[in-house]
Amino acid sequence: MSQRVKKSLEKIYQRLFDQFGPQRWWPAKTRFEVIVGAILTQNTNWGNVEKAIGNLRAHRLLTPRRLKDIPAEKLAQHIRPAGYFNVKAKRLKNFIDYFYKEYAGDISRMAGQKTELLREQLLSVSGIGPETADSILLYALDKPIFVVDAYTKRIFSRHALIRSGDDYHAVQKKFMNHLKPDVKMFNEYHALVVRLGKNFCRTTPRCAACPLNNISRSAYVRSILKKS
DNA sequence: GACCAGGCACATC
DNA sequence: GATGTGCATGGT
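First residue of the first sequence: 2, per my numbering; consecutive thereafter.
See the structure below:
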C-alpha cells in the first residue's frame, strides 16, 4: 500500500465532501427499491429511471412478490422510460428468480449473508455485472464495497491515480486497498464522484472551476506525469 | 440531429 | 483476450 495514494484518495474525498456536502444516496424508499433502481439505471440517466420507478409504484409493483408474479412482457411496458426496457425487464426477473431461490424473497435474510458470497451470486445472475452487483451490496445491503463506474475511471486516471486501461477490479482494488472499509464513506465517495462527473470532467481534461484542480498538481501526480 | 446517461451480454476475430 | 454491437428512452 502506498501512503501517497492513500493520502490522495482521502484528500480528494474530503475536497469533494467539502464542496458538495452529503449526497444522501441511494434515493429510494426501501432496500428492494434500491435493487430495482440499480438494474434500471444501467447506462441510463437517473431522471428516466425515476419515471420508470414512478410507474412501478403507481401500479403497486415495487415489491418482490408483485414483480415475481408479473410477466416480463408486461413489466417491460411499465419501465419503458428507463430505456432498454425489454432487456431490463428480463434482468429484473432474473434477479427475482435468484432472490426467491436463495432467500425466499426476504431482503433481511439476504443482507445477513457474507459479502463475498453475495457478490459471487449476484454476478452469476444474467444482467448483473460488477457495477450493479456492487451498487446492490453497498446501497441496498450496507456492505463495505467500493462502487466503480465510468466517472471513477475517467476522473482518477486523469489525476494519475489509476491507469486508463485498468479494468473494474483493478480500480476497485486501488480504492479498497487504500481506504478503510467504511460503508458510510464508500457510499458518499461514489455518490460524490458521480456528482463531480456530472458537473465537471466531461470533455476538457481540466476546467478552472473543478474542485480537484490543485490536487492534480500534487507532488505525487507531477512525479507520475513526468515519468509517462 | 447528434450526443450522452450511475452497463451488460454476446458475437466475432 | 481484445474489440464491436445491440439494447431504447428522454434531456441537452
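Positions of the beta carbon are idealized from the N, C-alpha and C atoms, including for glycine.
Query                                                                                                                     : Result
Which listed residue (Thr153, Lys174 and Glu189) has its alpha carbon closest to that of Ser165                           : Thr153
Same chain, Cβ closer than 6 Å to Leu124, neighbours up to 5 away in sequence not counted                                 : Ala134
First and last residue of the uninterrupted alpha helix (DSSP H) at Gly38                                                 : Arg32 to Leu41
For Pro212, the nearest candidate out of Met186, Asp19 and Tyr169 (CA to CA)                                              : Asp19
Cut-off 6 Å between Cβ atoms - residues of its own chain near Val37, not counting five sequence neighbours on either side : none
Pick from Phe187, Pro182, Asp183 and Glu117 that is closest to Val148, judged by C-alpha positions                        : Phe187
Lys52 versus Pro82 - alpha carbon distance                                                                                : 6 Å
Cβ-Cβ separation, Ile97 to Pro65 (assumed contact under 8 Å), whole Å                                                     : 6 Å
6 Å Cβ shell around Tyr99 - same chain, five flanking residues per side excluded                                          : Val126
For Ile108, three-class secondary structure by DSSP                                                                       : helix
Alpha carbon of Val172 to alpha carbon of Ala210, nearest angstrom                                                        : 26 Å
Per-residue burial, Ser3 [other beta carbons within 10 Å of its own, 16 or more giving buried]                            : exposed
Glu189 burial status per 10 Å Cβ neighbour count (16 or more: buried)                                                     : buried
Extent of the continuous alpha helix (DSSP H) run through Met177                                                          : Tyr169 to His179
CB of Lys175 within 7 Å of CB of Ile163, strictly                                                                         : yes
Ala29 (DSSP reduced to helix, strand or coil)                                                                             : coil
DSSP three-state assignment for Ser136, whether helix, strand or coil                                                     : helix
Residue closest to Arg25, alpha-carbon to alpha-carbon, out of Tyr104, Tyr140, Asn200 and Lys91                           : Tyr140
Rounded C-alpha distance that separates Asn87 from Ala73                                                                  : 8 Å
Member of Lys181, Asn49, Tyr85 and Lys91 whose CA lies at the smallest distance from the CA of Lys69                      : Lys91
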